[in-house]
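As they're listed, the protein sequences go chains A and B.
Counting the first sequence from 1 gives a position; my numbering is that position plus 5.
Counting the second sequence from 1 gives a position; my numbering is that position plus 4.
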Amino acid sequence: MVWDWLPTYFPLLAHGLYITILLLTGSVVIGFAFAVPVGLVQVTGPWPLKYLARGFCTFIRGTPLLVQMWLLYYGVGSLFPLIGLAFPAFKENFMWLIRLDAFYYALLAFTLSFAGYEGEVMRGAFLGVPRGELEAARAFGMSPWKVLSRVWFPRAVRQVLPTLAGETISQLKSTPLAFTIPVMDLMGVTSRIRQDTFLIYEPLLFLALVYVVLTFLITRAFNYFEGLVPARR
Amino acid sequence: MVFAALFNFNLLAFGPTGYGDELFWGALRTVQIAVLAYAFGVSLGLCGAMGKLSGGKWLRNILDGYTTLVRAVPELVLILLLYYAGTDGINRLIVSIGFQPIEINGLVAAVFVLGFVQGAYSTEVLRAAIQAIPIGQIEAAKAYGMSPILRFRRVVIPAMMPFAIPGMANLWLIITKDSALISVVGFTELALATKQAAGVSKLYLMFYLVTALVYLSITLFSNQVFGWLERRVRRGQPKLA
C-alpha cells in the first residue's frame with residue numbers, strides 16, 4: 006500500500022469533495038422542488054399534465070441514469086453548436102449555452118433523476134393524506150391553494166421525510182457517474198490520481214472510505230431532523 | 005435541415021452499413037449480464053438472509069459488515085474496485101501456485117461484480133420477507149416434524165414470496181440499469197455499444213434516444229412479468245388496499 010500521493014493531491018481531492026457535495030445538495034433541493042408539482046399533477050392535475058408527469062416518471066425510472074446523462078451531455082449538448090451554426094444570432098447571444106460546462110449537464114441530469122424518483126414518492130404521499138382532512142379544510146372555506154399549502158402539502162411531506170434520507174443516500178451514490186462526462190468530482194479526481202500515479206487500489210479504497218463517511222453523516226443529519234418533528238409513538 | 009443533421013435512421017440498419025446489429029448484440033449482452041448477475045445475487049442474498057437469521061454471532065457480524073459496507077459505497081466505485089481487485093487477485097493466486105496468468109473473461113467478471121453488489125441488497129430484502137412470515141406457520145411446520153430443508157422448501161419460500169416480490173422486482177429493475185455501469189470498465193454492452201456508435205457517427209441524440217427506449221422497453225416488459233408473478237404468488241390471499 007502506497008499512500009504518499011495523499012498530501013500532494015489533497016487540494017484537488019478537497020475541491021472534488023466540494024463538487025460532489027454541490028452536485029448532491031443542488032440536485033436534491035431543486036429536484037425535490039420539482040418533484041412536488043410532478044407528484045401533485047398526477048393526483049389532481051388536468052389530464053395532459055397528468056400524462057406528461059406520468060410519462061416523465063416512467064422514462065426517468067425506466068432508463069439508466071448513465072444513459073440519461075450521456076443523452077443530455079452528448080445528445081442535447083450537441084444541438085446548441087448546430088443551432089449556432091445555422092443561426093449566427095444564436096451563437097452571439099447564447100455562447101454560454103454552447104460552452105456550458107459538463108458540471109451543469111451533470112447537475113441537470115441528477116436533478117431530473119431525483120425529481121422522477123421523488124415525484125413518484127410524492128404522488129403516493131399526496132394520495133396517502135386522509136380524505137377527511139382535506140374535506141375538513143374545504144369545509145372551513147379554504148381556497149384550493151390554501152388547502153394545499155396548509156394541509157395537503159405539510160401532511161404529505163411529513164410522510165416522505167423518513168424515505169428522503171434513503172433517497173438522498175442513493176443520490177449520493179449516483180454522483181460518481183458524473184466523471185464519465187468529464188466532471189472533476191471526487192470520482193473524477195480519483196481517476197486522475199490513478200492515471201497519474203499508476204496505483205490501482207489505494208485511491209479507490211480512499212474514495213470508498215470517503216463515501217462511507219458521507220453516508221454516515223447524511224444518516225446522522227436526517228436522524229437529527231426527524232427527531233425535531235414531534236411524533237406520537 | 006437540422007433534423008437531417010441529427011437523425012439518420014439508415015444507420016440503425018443491420019449489417020455492415022448500420023449499427024443495428026451492434027446495438028442488438030449489446031442489448032442481448034445487457035440482458036444476459038442482468039439475468040446471470042441477478043441469479044447470482046439472489047442466491048447470495050438467500051444464503052446471506054439465512055445466515056443472518058440463523059447463523060452464529062461471527063457469521064452475523066461478517067454478513068452485517070458485508071451488507072453495510074456494500075450499501076454505503078457507490079456501485080460504480082465497487083465495480084471498479086472489485087473488477088480490478090478481483091481479476092488481479094485471481095491472477096496473483098494462479099501465478100503463486102505456479103501457473104501462467106490467465107485472461108479473465110469480461111462477462112464472468114461483470115456478472116460476479118454486479119451479483120456481489122446485488123447480493124447485499126437482496127440479503128436485506130429476503131431477510132425482511134422471511135421475518136414477515138407469521139412465526140406460527142414455521143412452528144406448525146416444525147410441529148409436523150418437517151426437516152429444515154423440507155420446511156424451507158415447502159413453507160418458508162412460498163410464504164415469504166408475497167413479501168419478497170415487490171423488493172425483488174425493484175432489484176431486478178436496478179440491475180438492468182446498473183449493468184450500464186459495466187461499460188465504464190470497457191465491457192461492451194448496450195451502453196458502451198451506443199457510445200461507440202454515437203461517437204463514430206456523431207448522431208449522439210438519435211443513438212442515445214434509441215438506447216433509452218430499449219432500456220425503457222426492458223423495464224416495461226419486466227413490470228408486466230413481475231405484475232403477473234405477484235398475482236400468482238398472492239393467489240388465495242386478501243387483496244392489498
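We treat Cβ as the ideally placed atom computed from N, Cα and C, and that holds for glycine.
Kindly indicate which residue of the options has the alpha-carbon position closest to the one of residue i.
i	options	result
residue 128/B	32/B, 242/B and 175/B	175/B
residue 180/B	201/B, 221/B and 204/B	221/B
residue 168/A	24/A, 66/A, 227/A and 35/A	227/A
residue 123/A	65/A, 154/A and 190/A	65/A
residue 106/B	26/B, 116/B, 94/B and 115/B	94/B
residue 30/B	192/B, 14/B and 226/B	192/B
residue 56/B	28/B, 110/B, 130/B and 224/B	130/B
residue 41/A	153/A, 230/A, 192/A and 231/A	153/A
residue 19/A	132/A, 193/A and 232/A	193/A
residue 251/B	43/B, 80/B, 49/B and 63/B	The question about residue 251/B has no answer here: the residues shown for chain B are numbered 5 through 245.
residue 89/A	80/A, 148/A, 79/A and 103/A	103/A
residue 45/A	108/A, 126/A, 204/A and 11/A	126/A
residue 80/A	50/B, 227/B, 212/B and 74/B	212/B
residue 216/B	82/A, 63/A, 68/A and 133/A	68/A
residue 212/A	157/A, 62/A and 178/A	178/A
residue 87/A	232/B, 229/B and 208/B	208/B
residue 37/A	121/A, 138/A, 136/A and 57/A	121/A
residue 214/B	50/B, 199/B and 152/B	199/B
residue 149/A	85/A, 71/A, 49/A and 30/A	49/A
residue 167/B	99/B, 115/B, 136/B and 41/B	136/B
residue 156/B	41/B, 51/B, 10/B and 219/B	51/B
residue 86/B	104/B, 120/B and 67/B	120/B
residue 229/B	88/B, 71/B, 60/B and 177/B	177/B
residue 170/A	195/B, 60/B and 76/B	76/B
Leaving aside the five residues before and after residue i along the sequence, list all residues of the same chain whose C-beta is less than 7 Å from its C-beta, in chain order.
i	result
residue 91/B	108 and 113
residue 33/A	119, 173 and 176
residue 113/A	77
residue 111/A	28, 74, 183, 186 and 188
residue 35/A	116
residue 202/A	10
residue 282/B	Given a span of 5 to 245 for chain B in the structure shown, any question on residue 282/B remains unanswerable.
residue 182/B	79 and 118
residue 231/A	166 and 167
residue 233/B	169
Suppose the cutoff is 8 Å on Cβ atoms and the five residues either side in sequence are ignored; what does the same chain contact list for residue i look like?
i	result
residue 35/B	180 and 222
residue 134/A	156, 157, 160, 161 and 164
residue 60/A	none
Residues in its own chain within less than 6 Å of residue i by CB, not counting five upstream and five downstream?
i	result
residue 130/A	161, 164 and 165
residue 208/A	195, 198 and 199
residue 63/B	55
residue 22/B	15 and 16
residue 181/A	192
residue 202/B	208 and 211
Take the Cβ of residue i as the centre, count every other Cβ of all protein chains shown within 10 Å, and call the residue buried at 16 or more, exposed below.
i	result
residue 17/B	exposed
residue 143/B	exposed
residue 9/A	exposed
residue 141/A	exposed
residue 146/B	exposed
residue 134/B	buried
residue 101/A	exposed
residue 139/B	exposed
residue 225/A	exposed
residue 47/A	buried
residue 6/A	exposed
residue 4/B	Outside the shown range of chain B (5 to 245) lies residue 4/B, about which nothing can therefore be said.
residue 94/A	exposed
residue 19/B	exposed
residue 218/B	buried
residue 187/B	buried
residue 71/A	buried
residue 67/B	buried
residue 148/B	exposed
Whose Cβ in chain D lies nearer than 8 Å to the Cβ of residue i?
i	result
residue 181/A	The chain inventory of the structure shown lacks chain D, comprising the protein chains A and B.
*Which whole runs of the beta strand (DSSP E) in the segment 169–205 of chain A are 3 residues long or more, in chain order?*
none
*Every unbroken alpha helix (DSSP H) inside the segment 39–110 of chain B [4 residues or more]*: Taken in chain order, the whole alpha helix (DSSP H) runs of length 4 or more contained in the segment 39–110 of chain B are 61–76 and 79–100.
*Would you mind listing the alpha helix (DSSP H) stretches within the segment 181–210 of chain B that are 4+ residues and don't spill past its ends, in chain order?*
Within the segment 181–210 of chain B, complete alpha helix (DSSP H) segments of at least 4 residues are found at 194–205, given in chain order.
*Hey, which unbroken runs of the alpha helix (DSSP H) at 4 residues or more fall wholly within the segment 98–160 of chain A?*
100–103, 107–133, 136–144 and 149–152
_Any alpha helix (DSSP H) of 4 or more consecutive residues that is wholly inside the segment 99–175 of chain B_ = 110–135, 139–147 and 152–155
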